[in-house]
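So for the sequence shown, this note's numbering puts the first residue at 1; every next one is plus one. Note that the Cβ used here is the ideal one computed from N, Cα and C, for glycine as well. The block underneath contains the structure these notes are about, expressed in structure tokens.
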Amino acid sequence: MYILSLTLYTSHLEEQKSFYQEVFNCKVLKESEKSFEIGIGDSSLIFKEAKETFPYHFAINIPSNKIEDAKVWLSNRVELLQFEGKEIIDFSAWNAEAIYFKDEDQNIVEFISRHNLNRLSDNKFDNNSLLNISEIGVPSIDINTLYQELEKCNLPIYDGSMDRFCAVGDENGLFICINHQKKKEWFPSSTFPHVIDFELLMEHEKEKFKVVYQNGNLNIKKQVELK
1 MYILSLTLYT SHLEEQKSFY QEVFNCKVLK ESEKSFEIGI GDSSLIFKEA KETFPYHFAI
61 NIPSNKIEDA KVWLSNRVEL LQFEGKEIID FSAWNAEAIY FKDEDQNIVE FISRHNLNRL
121 SDNKFDNNSL LNISEIGVPS IDINTLYQEL EKCNLPIYDG SMDRFCAVGD ENGLFICINH
181 QKKKEWFPSS TFPHVIDFEL LMEHEKEKFK VVYQNGNLNI KKQVELK
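Right, dumping it as structure tokens:
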């Protein structure tokens, strides 16, 4: 599964644009008075203005051998979040390591190095090292209902269960489905995982799907490409 584009909502549009453009040197692909789009490797990240929002969680894949370099690069720009006194967090069950920080909307952003993908780089770490958006958090009170909709795309369960936490997809792209009545914080922060709207365009098994999460309801439609 590949996330081609992810649309999030922000109540700090200009601050977010400055953060990603100036702090991270990400290229602005499109912009208007009420939105902007930046490139994140093979994905695009779109922010649209809204009066009220809550923090999201999303993740970005980085090269499998660059977590230490990413930590140095990030720590010169933002304050890294810690877990048990550590900034690089080991997910041995996923054969991955990650670092976390917050952007101007207090979104919990993750850079994750997935060793199973074995995507290596000899280049110095910078914004061009960001490979793709690989996770979006989906808070709900009913993970099973979310999964029934995600099954339309033939997505497998990667990890977890229907009770509290379920990652659906694969290491290139995951829906992090949580029951926010049981899992009440976005790891590794104390941020409550509110239900909040988002949209994304994804590709899986050579088919494209538009995913809309609105008012706690997930809707997926297959995209028909004109020839």
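Beta strand (DSSP E) segment containing Ile196, residue limits:
Neither: Ile196 is in no beta strand (DSSP E) and is coded neither H nor E.
Quick check on Ala50: does DSSP put it in helix, strand or coil?
coil
I'd like to confirm the pairing. Which residues does DSSP put opposite Gly39 in its beta bridges?
Ser44
Counted within 10 angstroms of its Cβ, other Cβ atoms place Pro193 as buried (16 or more) or exposed:
buried
Quick check: what's the CA-CA separation for Trp73 versus Gln214?
35 Å
Expressed to the nearest angstrom, what Euclidean distance is found between the alpha-carbon atoms of Thr191 and Asn154?
31 Å
Excluding sequence positions up to five away, which residues of its chain have a Cβ less than 6 Å from the Cβ of Leu226?
Only weak support exists for where Leu226 lies, its pLDDT of 49 falling under 50; the value from the coordinates is given anyway. Closer than 6 Å at the Cβ level, and outside the excluded window around Leu226, lies no residue.
Neighbourhood of Ala228 by C-beta distance below 8 Å, restricted to the same chain and skipping five residues each side
This structure gives no information on residue 228, because the portion of the chain shown stretches from 1 to 227.
Once you ignore the five residues that flank Lys17 on each side, which residues in its own chain have a CB closer than 6 Å to its CB?
Phe36
Name the two residues that bound the continuous alpha helix (DSSP H) containing Tyr147.
143-150
Helix, strand or coil for Ser5 per DSSP?
strand
Give me the residue from Ala59, Glu15, Glu149 with the minimum Cα distance to Leu131.
Ala59
For the region 94-147, list the beta strand (DSSP E) runs that are entirely contained and at least 3 residues long, ordered along the chain.
96-102, 108-114, 132-140
Tell me the DSSP secondary structure of Lys17 in three-state form.
helix
Pick helix, strand or coil for Tyr213, following the three-state DSSP scheme.
strand
Alpha carbon to alpha carbon, how far is Leu200 from Tyr147? Give it in angstroms, no decimals.
16 Å
Would you call Val224 buried or exposed, if buried means 16 or more other Cβ atoms sit within 10 Å of its Cβ?
exposed
Continuous beta strand (DSSP E) stretch holding Val168: start and end:
165-170
Would Lys222 pass as a contact of Lys208 if the rule is Cβ separation under 9 Å?
yes
Within the continuous alpha helix (DSSP H) that includes Ser74, where are the two ends?
The sequence shown places Leu at residue 74, rather than the Ser named in the question. Start and end: 67-75.
Taking the alpha carbon of Ile40 as the reference point, which residue from Glu68, His204, Tyr158, Ile3 has its own alpha carbon closest?
Ile3
Between the CA atoms of Arg164 and His180 - distance to the nearest angstrom:
8 Å
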